[in-house]
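Keeping their order, the protein sequence lines are chains A and B.
When you line the first sequence up against this note's numbering, it's residues 26 to 141, in that order.
When you line the second sequence up against this note's numbering, it's residues 46 to 155, in that order.
Beta carbons: idealized from backbone N, C-alpha and C, even for Gly.
Keep in mind that this is a model prediction, so the values were computed, not measured.
In what follows, a single structure is set out as structure tokens and then discussed.
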Amino acid sequence: DTEVTQTPKHLVMGMTNKKSLKCEQHMGHRAMYWYKQKAKKPPELMFVYSYEKLSINESVPSRFSPECPNSSLLNLHLHALQPEDSALYLCASSPGGQVLRRQPQHFGDGTRLSIL
Amino acid sequence: GQQVMQIPQYQHVQEGEDFTTYCNSSTTLSNIQWYKQRPGGHPVFLIQLVKSGEVKKQKRLTFQFGEAKKNSSLHITATQTTDVGTYFCAGRGAGNMLTFGGGTRLMVKP
């Protein structure tokens, strides 16, 4: 069981659709992350939120738009995606504060996204 | 940016055999973390190493951090089928954030 909940678990969408991925944690963590993971590859960092503010955007295309409505929630809004965007999208959280790279990250189960 | 390299990519072992995966960095790491991802699952944090030469054990798993803090290893003694999965090391990468190594996929034959 994971303490980071992601919905939906699976998503199939067309290239013209708009959809959102959701992530929720109730561990009181103040840092939240979005990763993209292709098959047989490591997770690749996309965005980092620290205290509800976007602190890192790893040059992600604008068709991916993150949002952090409050300290427990993290969304990823999707629009006009490409077939190569098909992947597992993982949300993670960590306690927050300084030196994020020294904090263990707790991952959700991910959303498996397929773009038709 | 800094890269964290991991070898081997794949390892098949017979149940009961030992297994080791290695992680190398071109620059000194302040810390290194290890994660395990089961097939179809998500990465799960195993451990963090911070000190030069540090060795930590979790049952059959032994984690080491090199004296120069540029390499690390994970050793599993007497593998079991429950050890199947991909083991990732993670260290500081570009942007001062955690970057995952390529992972070592462990397969265990019963």
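DSSP state of residue i mapped onto helix, strand, coil
i, result
"T127 (chain B)", "helix"
"L125 (chain A)", "helix"
"E83 (chain A)", "coil"
"E69 (chain A)", "strand"
"E62 (chain B)", "coil"
"E28 (chain A)", "coil"
Rounded distance between the beta-carbons of residue j and residue i, thought under 8 Å
i, j, result
"L103 (chain A)", "K44 (chain A)", "5 Å"
"A105 (chain A)", "Y60 (chain A)", "That pair is no contact at about 21 Å."
"E28 (chain A)", "L98 (chain A)", "E28 (chain A) to L98 (chain A), Cβ: 14 Å. No contact."
"R149 (chain B)", "P53 (chain B)", "The amino acid at residue 149 (chain B) is misidentified as Arg; the sequence shows Thr. At roughly 6 Å, the Cβ-Cβ gap stays under 8 Å, so T149 (chain B) and P53 (chain B) are in contact."
"L46 (chain A)", "L101 (chain A)", "4 Å"
Element boundaries [beta strand (DSSP E), containing residue i]
i, result
"N76 (chain B)", "It is not in any beta strand (DSSP E) - N76 (chain B) carries neither H nor E in the DSSP assignment."
"Q48 (chain B)", "No beta strand (DSSP E) holds Q48 (chain B); DSSP gives it neither H nor E."
"H35 (chain A)", "H35 to M38"
"P91 (chain A)", "F89 to N95"
"H83 (chain B)", "First, the amino acid is wrong: residue 83 (chain B) is Arg here, not His. It is not in any beta strand (DSSP E) - R83 (chain B) carries neither H nor E in the DSSP assignment."
"Q59 (chain B)", "Y55 to Q59"
"Q50 (chain A)", "K43 to Q50"
Member of the options whose CA lies at the smallest distance from the CA of residue i
i, options, result
"V95 (chain B)", "B:G85, B:F108 and B:G86", "B:F108"
"N116 (chain B)", "B:Q54, B:T122, B:M152 and B:N76", "B:N76"
"S70 (chain B)", "B:V100, B:V58 and B:T144", "B:T144"
"E109 (chain A)", "A:M38, A:S119 and A:L79", "A:M38"
"Q125 (chain B)", "B:Q54, B:Y55 and B:Q59", "B:Q59"
"Q78 (chain B)", "B:P84, B:G85, B:T72 and B:V89", "B:V89"
"L106 (chain B)", "B:N141, B:G86, B:G85 and B:Y132", "B:Y132"
I'd like to know if the segment 125-141 of chain A and the segment 86-94 of chain A are in contact, where contact means that at least 3 CB-CB pairs between them fall below 8 Å. no
Sufficient close CB pairs (3 or more, under 8 Å) joining the segment 48-67 of chain B to the segment 82-89 of chain A: no
Across the segment 48-57 of chain B and the segment 35-43 of chain A, are there enough close Cβ pairs to call them in contact, namely three or more that are closer than 8 Å? no
Going along the segment 115-147 of chain B in order, which residues come within less than 7 Å of chain D, judged by CB to CB distance? Judged by its chain identifiers, the structure shown contains no chain D, and its protein chains are A and B.
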